[in-house]
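All residue numbers for the sequence shown refer to full-length UniProt numbering, where the first residue is 1 and numbers rise by one.
Cβ atoms here follow ideal geometry from the backbone N, Cα and C, with glycine treated the same way.
A short write-up of the structure that comes next.
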Amino acid sequence: MIGRAYGRVSQHLLHEELLRRCIESGVLYLSSKVGRIDEAGDGHSIIACDNDIFISCR
């Protein structure tokens with residue numbers, strides 16, 4: 001027993017819905033390989049990707 005309601009969902013429809021929400025929220029996609037992640041003390045991190053691409057995140 002998992003202690004909550006559950007049901008089956010269409011993986012295709014769920015995928016489409018999540019992509020739609022990302023697009024509406026302004027999420028951008030980058031096709032790149034992560035080389036390393038440098039964590040800062042303030043809760044932020046710098047993700048170093050291929051081709052000298054650096055992404056700041058929290």
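Return the CA-CA distance between residue i and residue j, expressed in angstroms with no decimal places.
i: residue 59; j: residue 18; result: As displayed, the chain neither begins before 1 nor continues past 58, which places residue 59 out of reach and without an answer.
i: residue 39; j: residue 29; result: 21 Å
i: residue 6; j: residue 26; result: 30 Å
i: residue 24; j: residue 16; result: 12 Å
i: residue 35; j: residue 47; result: 8 Å
i: residue 53; j: residue 4; result: 43 Å
i: residue 69; j: residue 56; result: Missing from the structure shown is residue 69; the chain here goes from 1 to 58 and no further.
What are the partner residues of residue i, as DSSP defines its beta bridges?
i: residue 38; result: 46
i: residue 57; result: 45
To which residues of the same chain is residue i closer than 7 Å at the C-beta, ignoring the five residues directly before and after it?
i: residue 43; result: 58
i: residue 11; result: none
So, with DSSP's three-state summary, where would you put residue i?
i: residue 31; result: coil
Below 8 Å on the Cβ atoms is my guess for residue i versus residue j; work out the distance and round it to an integer in Å.
i: residue 33; j: residue 22; result: 21 Å between Cβ atoms; not a contact.
i: residue 45; j: residue 37; result: 6 Å
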